[in-house]
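The opening residue of the sequence shown carries number 0 in numbering that gives the first Met the number 0; numbering runs sequentially from there.
Where is the CB? At the ideal position from N, CA and C, for every residue including glycine.
These notes concern the structure reproduced below.
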Amino acid sequence: MASPHPGYVKHRVLRIVPARAQHKTAAHCQFEVDGILTDTGNQASYLEDWIDRHCYAVGADGKVDRERWKIREMGLDCEFNQPGQVVLVQMAVDGGHELSYHCPDRQFPNAIRRVLACPDVKKVGKEVWSADGRKLHLAGVNHVRGFCDIAPLWVLYQQHVNNRNVREADCPGLEALAEEFLGWSIKVGHEGHWARHVVLEDREIEYAAMDAIASLEVWKELKRRLPPLAAEIHEHVTLMEMHHNQR
């Protein structure tokens, strides 16, 4: 069912389906998804408030400190129309919170730009730089930093845990990663028309949200399974950032 009018803020709870019967924990995974469909009036204030609550630290005076982040990583995904225009931006953070922001006509509020430009907040995902980062840049978001692909972390896991000699190109897609490491059955992507500049249906927001949520949780699970390799993981992430910043 479509939202009733432009600018509607839709809050919903997204429950993850277990991939197989033996995965009991997946059935209890749920996330709060906030869909903001335009950047007008109260919706702009709501976006600022969401990022303040979920991304920034709080000072001793109880006020939001926009000079300090309380998160160090987030799942990021974008949906594009055919000309390469960004239509949806999804950001998933710890605590089960996810934002799905509809941005027609290249509307990128400063609140989102600050997050994307900060190198201290890692934006993780499958092919997050080669796909999402590059297209954000082409769409006019010129300062994007801190992008970290899941594939190098997956290679480390295969090499040091499974003793397999693999390449980043061998890394499976997000659906397969979510099933293997999280026990989740997710359906990423959507066959709909992202290009239309109208209110999106709930199911479209839900499909899009899956990418960002699963990306963050797979990233966290891979790190959890590799505690002795923290230094090496950090080195890989740093090298990726340096490579990105030189482009």
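Which of helix, strand or coil DSSP assigns to residue i
i, result
"K62", "coil"
"C77", "strand"
"C147", "strand"
"G124", "strand"
"H142", "coil"
"L98", "strand"
"D169", "helix"
"V57", "strand"
"V32", "strand"
"R163", "coil"
"D119", "coil"
"A26", "At A26, the pLDDT of 48 sits below 50, so the modelled position is not reliable; the number obtained from the coordinates is stated separately. Correct three-state label for A26: helix."
Where residue i falls, given that 16 or more other Cβ within 10 Å makes a residue buried
i, result
"D38", "Caution is warranted here: a pLDDT of 48 is assigned to D38, below 50, making its placement in the model unreliable, and the coordinate value is therefore given only provisionally. When all chains shown are included, D38 counts as buried."
"Q29", "exposed"
"A213", "buried"
"D48", "exposed"
"L99", "Rather than Leu, the amino acid found at residue 99 in this sequence is Ser. That one is buried."
"K121", "buried"
"G132", "buried"
"V160", "exposed"
"D60", "exposed"
"D119", "exposed"
"D169", "exposed"
"A175", "exposed"
"A208", "buried"
"G74", "buried"
"A91", "buried"
"V217", "buried"
"E167", "exposed"
"G58", "exposed"
"G94", "exposed"
"G145", "buried"
Range covered by the beta strand (DSSP E) that runs through residue i
i, result
"V114", "Segment 109-116 is the alpha helix (DSSP H) holding V114; no beta strand (DSSP E) there."
"K69", "No beta strand (DSSP E) holds K69; DSSP gives it neither H nor E."
"L87", "85-92"
Residue i: first and last residue of the uninterrupted alpha helix (DSSP H) it sits in
i, result
"A177", "173-181"
"R224", "Segment: none, R224 is in no alpha helix (DSSP H) and carries neither H nor E."
"K134", "133-137"
Could you tell me whether the segment 103-122 touches the segment 138-148, where touching means 3 or more Cβ pairs closer than 8 Å?
-> Taking a cut-off of 8 Å for Cβ pairs, the segment 103-122 and the segment 138-148 touch, as three or more such pairs fall below it.
Per the contact definition of three or more C-beta pairs closer than 8 Å, is the segment 148-163 in contact with the segment 119-133?
-> yes
Quick one: any contact between the segment 169-187 and the segment 57-71, if contact means 3 or more CB pairs under 8 Å?
-> Cβ pair count under 8 Å is below three, so no.
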